[in-house]
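For reference, the structure is listed below as structure tokens.
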Amino acid sequence: MPVLLALLALLMVLSLTIGRVWLDPREIVHEVFSPAPQVAGLIVTELRLPRTLLACLVGATLGLSGAVLQGFTRNPLAEPGLLGVSAGASLGAVIAIYFGMASLFEFTAPIMGLAGALGASALTFALGRNGGTMALILAGAAVSGLAGALISVALNLAPNPYAAYEIMTWLLGSLSDRSWNHVLLILPFVLVGCTMLLYTARGLDALSLGEIQAQSLGIDLKRLRLLVVLGTALSVGASTSVTGAIGFIGLVAPHLIRPFVGAHPRKILLPAAVLGALLLLLADIATRLIRIGPEIKLGVITSLVGTPFFFWLVVRLRRTSP
Amino acid sequence: MMLVAENICVRRGGRAILDAVALEATVGEFIAVVGANGAGKSTLLSVLAGLLQPDSGRIVFKDRPLSQFDGSALARMRAYLPQNPRCEWPISVERLVALGLIPRLPTFGGFSADDEQRIARAIETGDLMDHRYQEATSLSGGELARAMLARAYVGDPEALIVDEPIAGLDPKHALDAMRRLKSFANDGKLVIAALHDLTLAVRYTTRIIAMRSGRVESDGPVASAMTTEMIRRVFDVEARVLGSGEDGYVDFIGN
Chain A
3 MPVLLALLAL
13 LMVLSLTIGR
23 VWLDPREIVH
33 EVFSPAPQVA
43 GLIVTELRLP
53 RTLLACLVGA
63 TLGLSGAVLQ
73 GFTRNPLAEP
83 GLLGVSAGAS
93 LGAVIAIYFG
103 MASLFEFTAP
113 IMGLAGALGA
123 SALTFALGRN
133 GGTMALILAG
143 AAVSGLAGAL
153 ISVALNLAPN
163 PYAAYEIMTW
173 LLGSLSDRSW
183 NHVLLILPFV
193 LVGCTMLLYT
203 ARGLDALSLG
213 EIQAQSLGID
223 LKRLRLLVVL
233 GTALSVGAST
243 SVTGAIGFIG
253 LVAPHLIRPF
263 VGAHPRKILL
273 PAAVLGALLL
283 LLADIATRLI
293 RIGPEIKLGV
303 ITSLVGTPFF
313 FWLVVRLRRT
323 SP
Chain B
31 MMLVAENICV
41 RRGGRAILDA
51 VALEATVGEF
61 IAVVGANGAG
71 KSTLLSVLAG
81 LLQPDSGRIV
91 FKDRPLSQFD
101 GSALARMRAY
111 LPQNPRCEWP
121 ISVERLVALG
131 LIPRLPTFGG
141 FSADDEQRIA
151 RAIETGDLMD
161 HRYQEATSLS
171 GGELARAMLA
181 RAYVGDPEAL
191 IVDEPIAGLD
201 PKHALDAMRR
211 LKSFANDGKL
221 VIAALHDLTL
231 AVRYTTRIIA
241 MRSGRVESDG
251 PVASAMTTEM
261 IRRVFDVEAR
271 VLGSGEDGYV
281 DFIGN
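Line by line, the protein sequences give chains A and B.
Be aware that the first sequence starts at 3, since it is given in the numbering used here, and climbs by one per residue.
Be aware that the second sequence starts at 31, since it is given in the numbering used here, and climbs by one per residue.
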């Protein structure tokens with residue numbers, strides 16, 4: 003954990019210096035604290051600092067919610083989008099872009115995205131409330147499918163190629179050109195959502211014995227389910243609505259942490275959040291370093307790097323299973 | 031009376047799983063619930079443990095209706111083990127046993143030194159010292175059953191409700207488990223276990239509740255309840271019951 007935090011701090015500094023304009027850390031310190039900042043100071047405080055913080059917030063959210071959902075479903079394939087939250091947020095934002103609302107007011111897309119996330123998770127919860135964890139997973143898959151289908155409709159019926167292109171690029175996920183306003187917009191949702199997710203820790207531990215034993219240990223499964231769904235809806239929903247859907251971080255981070263904490267569900271949560279922030283920051287720095295034609299989108303990088311991890315998972319499973 | 035069940039009915043899809051079951055149990059008893067597959071033993075145990083709300087009737091635990099307990103308070107007083115309990119993550123045996131202390135933990139904060147001692151003691155009495163740091167998912171069936179039993183008694187509950195605790199155990203560990211359950215009862219606790227091994231039931235338990243089609247067919251002290259007549263009615267097989275107590279023996283002949 004201290005190693006992870008130190009690495010994260012290092013990457014945050016790196017993230018401030020790297021970009022179209024390379025900055026010297028000493029220059030940054032000097033500029034940020036000077037009364038009349040020059041261009042370099044403005045780049046750092048208005049562009050790179052919010053971008054870096056946003057990467058940390060979103061990455062931590064993905065890592066934490068992935069760890070919570072894997073513990074909750076006791077399924078190593080669970081990821082933050084499992085309950086339909088990401089798909090719902092994407093749909094909301096896409097609707098905003100499709101009807102041209104996004105260009106009228108900067109925050110229409112994020113706000114619509116958040117509404118979509120909350121709507122989707124409410125639908126998932128209503129559908130899967132009474133059937134245990136499996137029903138909740140199936141309901142999440144159904145809601146994701148529906149939102150995905152509606153996004154396809156929007157792409158299909160896009161009034162002009164430019165609108166379709168805008169929707170596509172938004173869906174690929176990015177952190178570029180995000181401002182302090184974006185950070186402030188999602189901060190309360192992320193904080194409340196993540197707090198709710200952290201409250202599930204003890205329940206997740208008990209769930210390693212299965213639902214019946216967890217219940218016999220005094221865990222209120224209904225309350226736990228509500229915390230998981232609402233916490234994910236708020237934190238992941240807010241994150242996705244600002245950055246677009248970013249895959250694999252939430253799937254990979256808990257896996258990398260698990261062996262180091264003896265597979266204990268509760269102990270995975272915080273390190274997974276830190277690692278999630280670290281991985282997303284790393285991916286975002288990569289998008290700034292790789293310059294082949296147009297910007298490589300964040301979601302593309304995480305998928306490209308994340309997929310081999312899946313292969314590794316399969317290979318390891320083949321080796322350990324009889 | 032420690033535990034009283036009044037007129038418990040549970041229906042599923044128009045069929046009565048439990049039909050007007052009533053019983054009273056007190057400290058020091060080791061009760062074997064016996065019966066054929068599907069007789070309602072597991073359902074009865076879940077209802078007694080407060081995990082399943084019956085369609086009618088009520089459970090009174092220590093003079094208070096079960097519905098008045100909150101989950102943690104109840105979990106501190108009674109432990110429950112389902113059939114074939116499983117562990118879903120490769121956590122160590124020590125941590126698995128520690129999960130039994132969850133209802134005793136304060137809202138914030140982890141295990142105290144006292145808790146760690148309880149865990150160590152439970153691991154020792156469960157004959158699990160060699161497996162202490164082993165991953166629970168790599169244990170054999172019998173070892174896992176012992177670890178789960180240790181998980182159930184680590185919190186020192188007043189009542190222990192266990193569903194087929196010796197299924198899949200080798201003879202030595204089956205005898206060990208029965209002896210341990212018996213000693214809980216002797217320590218002034220209430221033990222209720224669903225059992226299929228009638229010989230071990232005769233030797234170790236104090237009372238037999240025989241179930242058939244969701245009803246209590248017979249209920250009484252082990253010496254008088256375990257008869258060829260009861261076995262014929264409940265299991266539909268001919269059996270011979272020899273002796274009682276420590277030398278008791280039940281042999282099935284055929285149907």
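Positions of the beta carbon are idealized from the N, C-alpha and C atoms, including for glycine.
Test: proline 195 of chain B CB closer than 8 Å to a CB of chain A: no
Within-8 Å CB hit, alanine 105 of chain B to chain A: yes
The beta strand (DSSP E) enclosing valine 280 of chain B, as first and last residue numbers: 279-284
Nonlocal neighbours in the same chain, by C-beta distance under 6 Å from serine 123 of chain A, ignoring five residues either side: Leu85, Val87, Val231, Ala235
Alanine 98 of chain A - DSSP class collapsed to helix/strand/coil: helix
Cβ pair leucine 53 of chain B, isoleucine 191 of chain B closer than 8 Å: no
Against chain A: residues of the region 120-139 of chain B by CB proximity under 8 Å: Pro120, Ile121, Ser122, Arg125, Leu126, Leu129, Gly130, Ile132, Pro133, Leu135
Minimum Cβ-Cβ distance from alanine 79 of chain B to chain E less than 8 Å: The structure shown contains no chain E; its protein chains are A and B.
Element boundaries [alpha helix (DSSP H), containing asparagine 158 of chain A]: 134-158
Reduced DSSP category for asparagine 216 of chain B - H, G, I as helix; E, B as strand; rest coil: helix
Valine 264 of chain B and arginine 242 of chain B closer than 8 Å at C-beta: yes
Simplified DSSP state of asparagine 37 of chain B, which is helix, strand or coil: strand
Contacts that arginine 204 of chain A makes with chain B (C-beta to C-beta distance below 8 Å): Ile132, Leu135
Chain B contact for arginine 320 of chain A (CB, 8 Å cutoff): no
CB contact flag (arginine 134 of chain B, glycine 185 of chain B, <8 Å): yes
C-beta contact flag for leucine 2 of chain A and valine 185 of chain A at 8 Å: Since the first residue shown for chain A is 3 and the last is 324, residue 2 of chain A is missing from the structure and cannot be characterised.
Opening and closing residue of the beta strand (DSSP E) in which arginine 242 of chain B lies: 237-242
CB contact below 8 Å: leucine 7 of chain A versus chain B: no
DSSP-derived helix/strand/coil call for glycine 61 of chain A: helix
Every unbroken alpha helix (DSSP H) inside the region 185-215 of chain A [4 residues or more]: 203-209
Same chain, Cβ closer than 7 Å to phenylalanine 101 of chain A, five either side skipped, listed in chain order: none
Bridge partners - leucine 111 of chain B, DSSP secondary structure assignment: B/Val192
Chain A within 8 Å of serine 97 of chain B, Cβ atoms only: no
Cβ pair leucine 290 of chain B, aspartate 193 of chain B closer than 8 Å: Because chain B here runs from 31 to 285, residue 290 of chain B falls outside it and cannot be looked at.
Cβ-based burial, glutamine 83 of chain B [other Cβ within 10 Å; buried from 16]: exposed
Cβ-Cβ separation, alanine 62 of chain A to valine 238 of chain A (assumed contact under 8 Å), whole Å: No, valine 238 of chain A and alanine 62 of chain A are not in contact; Cβ-Cβ is about 11 Å, not under 8 Å.
Identified DSSP bridge partners for serine 105 of chain A: DSSP lists no partner for serine 105 of chain A.
Chain A residues whose Cβ lies nearer than 7 Å to that of tyrosine 279 of chain B: Going along chain A, no residue has its Cβ under 7 Å from tyrosine 279 of chain B, so there is no contact; the nearest lies around 34 Å.
Burial state of proline 324 of chain A (16 or more Cβ within 10 Å): At proline 324 of chain A the pLDDT is 49, less than 50, meaning the model places this residue with poor confidence; the figure from the coordinates comes in the next sentence. Burial call: exposed.
CB contact below 8 Å: proline 324 of chain A versus chain B: Caution is warranted here: a pLDDT of 49 is assigned to proline 324 of chain A, below 50, making its placement in the model unreliable, and no coordinate value can be reported.
Beta-carbon contacts of proline 82 of chain A that lie in its chain and below 7 Å, excluding the five residues immediately before and after: Leu64, Ser67, Gly68, Leu71, Ser88, Thr234, Val238, Gly252
Helix, strand or coil at proline 324 of chain A [DSSP, three-state]: Residue confidence is low: proline 324 of chain A scores 49 on pLDDT, short of 50, so the model does not pin down where it sits. No coordinate-derived value is stated.
Short Cβ contact (8 Å threshold) for glutamate 11 of chain B with serine 122 of chain B: One cannot answer for residue 11 of chain B here, as it falls past the ends of chain B, which runs 31 to 285.
Inter-residue CB distance, leucine 116 of chain A and alanine 91 of chain A (contact presumed, cutoff 8 Å): 7 Å
Neighbourhood of valine 325 of chain A by C-beta, 6 Å cutoff - its chain only, sequence neighbours within 5 removed: Because chain A in this structure spans residues 3 to 324, residue 325 of chain A falls outside the shown range and cannot be described.
Ordered list of beta strand (DSSP E) runs contained in the region 72-125 of chain B, each at least 3 residues: 86-91, 108-111
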